[in-house]
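Colleague: Per this note's numbering: the sequence shown ends with 1085, consecutive numbering throughout. Note that the Cβ used here is the ideal one computed from N, Cα and C, for glycine as well.
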Amino acid sequence: MHSPVDGSVTDSARPAENYYHLHLVSDSTGETLISVARAAAAQYSGMKPIEHIYPLVRTHKQLDKVIGDIDEYPGIVLYTLTEPELRNRLKAYCLDNGIPVLSVLAPVVRLFQAYLGGVPTPRVGGQHQLDGEYFRRIDAMNFTVMHDDGQHTEGLEAADVVLLGISRSSKTPTSIYLANRGIKTANIPLVPNIPVPAGLSELKRPLVVGLVASAERVVEIRRNRLMGLNAAQPNDSYVDRESVAEEIAFSRRLCARHGWPVIDVTRRSIEETAAAIIGLLQEHRRKLAEDRN
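The structure is reproduced here in C-alpha cells:
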C-alpha cells in the first residue's frame, strides 16, 4: 500500500504495467497543474500517463465525480484547490485509500509566505484576472491573427516580433504562442525569387527573426500536409529535397545579409522556440533602450 504521506509510494504500490493513471484536479483552468504534471511525467520515458483532467472543480458535487473516477482508476493525484473543505476532503480520501496525493502549489506558497511574511489571500484562478495584462494579451492575439502569413505588412513597425521563414517552418504556431504571452507577432513567408515586403529591412522597433529547419524535416511536414489534402505530387518542387534545401539557404542568406538572428526549429518544440525568441526580444529591447539614452 501507499505510505500515508503526501506523494510517497512504496515499491509494492508502483504500477506493474507501462502506464499509470494521473488525476489533475483544479478549481481553475488547470493550466498550471497540467504543465507541472507533464514536466514531471516527461522524466519517465518508459511510463505513459493516462490523464484525467478536472478543471473548475468548485462544489462538492463536482468533487464527487472526481473521487468516483479516482476510485475506479487509482493513480497519482495532483491538485490546486483553494477552498479548504474541498481540498481537505480530497486529501483525506486519498490518504485513507492509500493513493498518492500532492498539492502542487502548497510548497511554493509556503516558500513565498516564509519570505514575505503574513498570510496569503486565497483566490481561485488569481492568475487569470481581467486586468491590463489580460487585455494586452487579447490585443496581441488580434494583431497576430491580422498579420499572419504576410498579411497587412504596412503595419509591421507596430509588431514586437516579426518571424520570417519558408513554408512549414512553424511560423504561425510560434506566433500564436507568443501572442498568448502578450507579444505582438507578425509572420512573413519567404519564397526564393520573390521580394520580401518593402521596408522590412528598415524596421526599428520589432525584433526580426528567421526560422529554419532541416530540409528533411520540412519535406516530411510538407508531404504529410499534402497527403492530408489528397494533393501529393511526387515531382512537385514543394516537396523536392534539393528545392527545399535551396529555400532554406535563401532564408539563411537573407537573414545574414540583414543581421537578423536565425533559430533552427528542427528539434525544438514551439515552446522552446518561443522561449529562445523571448530571450532575444529582451536583449533587443535592452539595446533599444540604451540607444535612446
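Between which two residues does the alpha helix (DSSP H) holding residue 969 run?
Modeller: Counting from 1 along the sequence shown, the entry for residue 969 is found at position 177. Here the alpha helix (DSSP H) through residue 969 covers 963–972.
Colleague: So, for residue 929: in the same chain, excluding its five sequence neighbours on each side, which residues have a beta-carbon less than 8 Å away from its beta-carbon?
Modeller: As a first step, residue 929 must be located in the sequence shown, where it is residue number 137. Counting only Cβ-Cβ distances below 8 Å, and skipping sequence neighbours, we find 971, 972, 973, 974.
Colleague: Based on the DSSP secondary-structure assignment, which residues constitute the bridge partners of residue 993?
Modeller: By one-based count along the sequence shown, residue 993 stands at place 201. For residue 993, which the question treats as bridged, DSSP gives no partner whatsoever.
Colleague: Can you name the start and end residues of the beta strand (DSSP E) that residue 813 belongs to?
Modeller: Locating residue 813 in the sequence shown gives position 21, where the first residue counts as 1. From DSSP, the beta strand (DSSP E) with residue 813 extends over 811–818.
Colleague: With distance defined between alpha-carbon atoms, name the residue in 950, 813, 942 nearest to residue 963.
Modeller: As a first step, residue 963 is located in the sequence shown; it is residue number 171 there, counting from the start. Comparing Cα-Cα distances from residue 963 to each of 950, 813, 942, the minimum goes to 942.
Colleague: How about residue 898 and residue 961: do their beta carbons lie closer than 8 Å?
Modeller: The residue labelled residue 898 in the question sits at position 106 within the sequence shown. The residue labelled residue 961 in the question sits at position 169 within the sequence shown. No, the pair does not count as a contact, with Cβ atoms beyond the cut-off.
Colleague: Taking Cβ to Cβ, would you say residue 868 is nearer than 8 Å to residue 815?
Modeller: Against the sequence shown, residue 868 aligns to sequence position 76. Against the sequence shown, residue 815 aligns to sequence position 23. Yes, the pair counts as a contact, with Cβ atoms nearer than the cut-off.
Colleague: What number of angstroms, rounded off, separates the C-alpha of residue 999 from the C-alpha of residue 817?
Modeller: Counting from one through the sequence shown, the residue named residue 999 turns up at place 207. Counting from one through the sequence shown, the residue named residue 817 turns up at place 25. Roughly 39 Å between the two C-alpha positions.
Colleague: Quick check: what's the CA-CA separation for residue 985 versus residue 939?
Modeller: As a first step, residue 985 is located in the sequence shown; it is residue number 193 there, counting from the start. As a first step, residue 939 is located in the sequence shown; it is residue number 147 there, counting from the start. Between residue 985 and residue 939, the C-alpha separation is close to 22 Å.
Colleague: Going by DSSP, what residue range makes up the beta strand (DSSP E) through residue 895?
Modeller: As a working note, residue 895 is residue 103 in the sequence shown. 893–895 is the span of the beta strand (DSSP E), which, as asked, contains residue 895.
Colleague: Identify the continuous alpha helix (DSSP H) that holds residue 907 and give its terminal residues.
Modeller: As a working note, residue 907 is residue 115 in the sequence shown. Where residue 907 is concerned, the enclosing alpha helix (DSSP H) stretches over 898–908.
Colleague: Report the option in 1019, 1028, 1068, 1003 whose CA atom is closest to the CA atom of residue 1043.
Modeller: Within the sequence shown, residue 1043 is the residue found at index 251, counting from 1. The candidate whose alpha carbon is nearest that of residue 1043 is 1003.
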